[in-house]
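A.B. asks:
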């Protein structure tokens, strides 16, 4: 986090004033102490000079008194010869000795520079004057001079010296004591003042050091912050109370393309997007006299110099300068990349990555908003659900990459059929949806469905193949039974599955009865597993007849569900559900074991008069089951059935879903010895080229071609061609769905080997077929079982 700072920097003048203020008491105290010491010492020196002068004169008087008396006596008697000079020298010698002795004392400075030397010199000059006059015989003049000058001077000096001499000892002791006491008092006072001054000096010095450290810390922090602010990737902006820019870091040139100097003094409103500025002002207190409590974070857009807006995240904090002026520091970070990533993630969360269309979550949200608006405006909302037919076949034959390419093209074509206000979405897999918000006329949705089928069905070049996709659509419109998004989408889904059951490329409009059918489907799905455990499944067997002899050649095992509540459930109701949920694998395993068991029982009870083989249908999931070959072996062994007595039927569409895997699995089954048949041949559109690759034994012509034998020669030619194709490949031909004698006659003419249908027998329970095998003539049947 960056520090707040005064961009103009702190002034040095207040710091110097604080330093001077801290030193002044020390300076004043030192001056006072020096003056006090000077006054005390000067007074002591003057007192000492006076005392020393008095002591010196007293000593001089005691040394020179007796010499002066002799000298004056000699003068009075006229003895001025050698004795005079000797006396003079003796007097002078005594005086000099006294001066030398005092120079060796502690007061020699006073003796040299004070009053005593002057008095002695004057005294010596007077004596020398008198001795010189006496030596010259000028006694009277000497006497006059002595009386006029020497005598008064000497008398006064003598009296003073005598007085000083009498109190010499006492005055010396007093002086020494005064000097000692004065020195002690002066020293104590000096020590006291020095201690106080030192203590005050130490406190001031400590405070000064602290202030200097603080100031250095502030300057260091300022330098560090300036370095951070100038080199940081974030943009630092300082504004005044009126949101005027007072500072901006150098990163402004990198982020906003403008030099900081160009925005100094400008309002912040010039930089921030007008729609985002209230986010900042909402953080400011009503009373802007103090900004100390302003803290917050907000997102805004700042204008780049090229005119575009840059998304920024801004942290707001107060900054109080030394002068008490409040400012705000805005630390802004460029979050453009983060916003772009968030938008990308948001788009990915609500859009299909393959087609770019809205996904289920976004589509449901838009349907919810459309329904809410429709309730206010009383206009209906329509949803269309589109599902590609045979899309799995494209994935399995051309690969998933080809399937993805197909989905992308379908998404583009679907979007091209819509208006600007409509919404197209991919709900998942090969399922698409369309939202019409103002389709008041029901025919609008139906017309759009036809337009979508036409646009999507145009040929597409995928890899090296040209594909014409087909799509089934379901239409649902909001009403009293569809007020919520999930209900409306569910109704469209129900209608779409109803269209698929009617045939490919169909369209169906939802009605409430479809919902009941869907509910039944879900109920059946829930009950499938329990039905197998409770033994609710049974097998019916439809005879396969040799057309020339009308003898039963084999039987086809057909699965039935004897529901405890609903009775016998038709295969087309539950077998697709079992295939969808994967329940077909355990159910198919049970069918295989039960069919083999029953066929083995007929072989043991009826021998050659019973069915020579039993046909069992395999589903896509069963063929992909790795345990299929083991299940077949186990079923044959348990029933005691020979492998060639079991025929496994595969649909034509199953053969071409994954050719390589199908061929491999069929070869494994052929290795066991079972026979293989292709069921419903002719309904596919790619199987002819693969017939030679598969190890097939039987070709079963679909009922739709047999029905056409009654309506003209075109269908007859197709059936004749299919029979010829099978014969050329050495395959047995079985015609399915023979219901009329005319069909039988024509098939015989075409030399079709086998057939099955209601003309011979409906699917029968095992005991009913056993009764048929036991009877010579069965009422209601057109053929007679041959007895021998």
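In my numbering, the protein residues as written are 11 to 798.
Don't be surprised by glycine CBs; every beta carbon is placed ideally from N, CA and C.
Everything numeric in this text was worked out from a predicted model, so none of it was measured.
1) State buried or exposed for residue 344, treating a residue as buried only when at least 16 other CB atoms are found within 10 Å of its CB.
2) Out of 412, 377, 524, which one is the CA nearest neighbour of residue 447?
3) Could you give the distance in angstroms between the alpha-carbon of residue 781 and the alpha-carbon of residue 503?
4) If the criterion is Cβ atoms closer than 8 Å, does the pair residue 440 and residue 417 meet it?
5) Checking 8 Å against the spacing of the C-beta atoms, do residue 466 and residue 394 come in under that value?
6) Any chance the segment 471-480 sits against the segment 389-408, with 3 or more Cβ pairs inside 8 Å?
7) Give the range of the beta strand (DSSP E) segment to which residue 760 is assigned.
8) Between the Cα of residue 576 and the Cα atoms of 533, 589, 615, 586, which residue gives the shortest distance?
9) Please classify residue 413 as buried or exposed, where buried requires at least 16 other C-beta atoms within 10 Å of its C-beta.
10) Measure the alpha-carbon distance for residue 730 versus residue 558 and round it to whole angstroms.
11) Which stretch, first to last residue, makes up the alpha helix (DSSP H) that contains residue 714?
12) Report the CB separation of residue 486 from residue 509 in whole angstroms; it is logged as a contact under 8 Å.
13) With a threshold of 8 Å, are at least 3 pairs of Cβ atoms found where one atom belongs to the segment 761-770 and the other to the segment 522-540?
14) Can you tell me whether residue 759 is buried or exposed? The criterion is at least 16 other CB atoms within 10 Å of its CB, across all chains shown.
15) Apart from the five residues on each side of it in sequence, which residues of its chain come closer than 8 Å, Cβ to Cβ, to residue 732?
16) Three or more C-beta pairs under 8 Å: does that hold for the segment 642-659 against the segment 625-633?
17) Nearest by alpha-carbon distance to residue 580: which of 319, 587, 571 is it?
18) Let me know the secondary structure DSSP gives residue 356 once reduced to three states.
19) If the criterion is Cβ atoms closer than 8 Å, does the pair residue 304 and residue 326 meet it?
20) Please say whether residue 642 and residue 682 have beta carbons closer to each other than 8 Å?
21) For residue 284, does the count of other Cβ atoms within 10 angstroms reach 16, so buried, or fall short, so exposed?
22) Using the C-alpha atoms, what's the distance from residue 668 back to residue 436?
23) Give me the Cβ distance between residue 433 and residue 373, rounded to the nearest whole Å; I'm assuming they're in contact under 8 Å.
24) Is the number of C-beta pairs between the segment 638-652 and the segment 593-609 that are closer than 8 Å three or more?
25) Return yes when the Cβ of residue 315 is within less than 8 Å of the Cβ of residue 266, no when it is not.
26) Can you check which of these residues, 672, 707, 478, is closest to residue 687 by C-alpha distance?
27) Determine the contact status of residue 614 and residue 564, defining contact as a CB-CB distance below 8 Å.
28) Alpha carbon to alpha carbon, how far is residue 640 from residue 601?
29) Taking buried to mean at least 16 other C-beta atoms within 10 Å of its own C-beta, is residue 364 buried or exposed?
30) Round the Cβ separation of residue 249 and residue 287 to the nearest angstrom and send it over; I've been treating them as touching at under 8 Å.
31) Along the chain, where does the alpha helix (DSSP H) containing residue 527 start, and where does it finish?
32) Excluding the five sequence neighbours on either side, which residues of its own chain have a C-beta within less than 6 Å of the C-beta of residue 756, listed in chain order?
33) Under the three-state reduction of DSSP, which class applies to residue 304: helix, strand or coil?
34) Per DSSP, which residues does residue 656 bridge with? Please list them.
35) What's the C-alpha gap between residue 739 and residue 560?
C.D. replies: Let me spell this out:
1) buried
2) 377
3) 47 Å
4) yes
5) no
6) yes
7) First-last for residue 760: undefined, no H or E at that position.
8) 533
9) buried
10) 17 Å
11) 713-717
12) Actually they do not touch by this definition, with Cβ atoms about 12 Å apart.
13) no
14) exposed
15) 691, 692, 709, 711, 715, 743
16) yes
17) 571
18) helix
19) yes
20) yes
21) exposed
22) 26 Å
23) 7 Å
24) yes
25) yes
26) 707
27) no
28) 15 Å
29) exposed
30) The Cβ separation is near 12 Å, so there is no contact.
31) 522-543
32) 719
33) coil
34) 624
35) 24 Å
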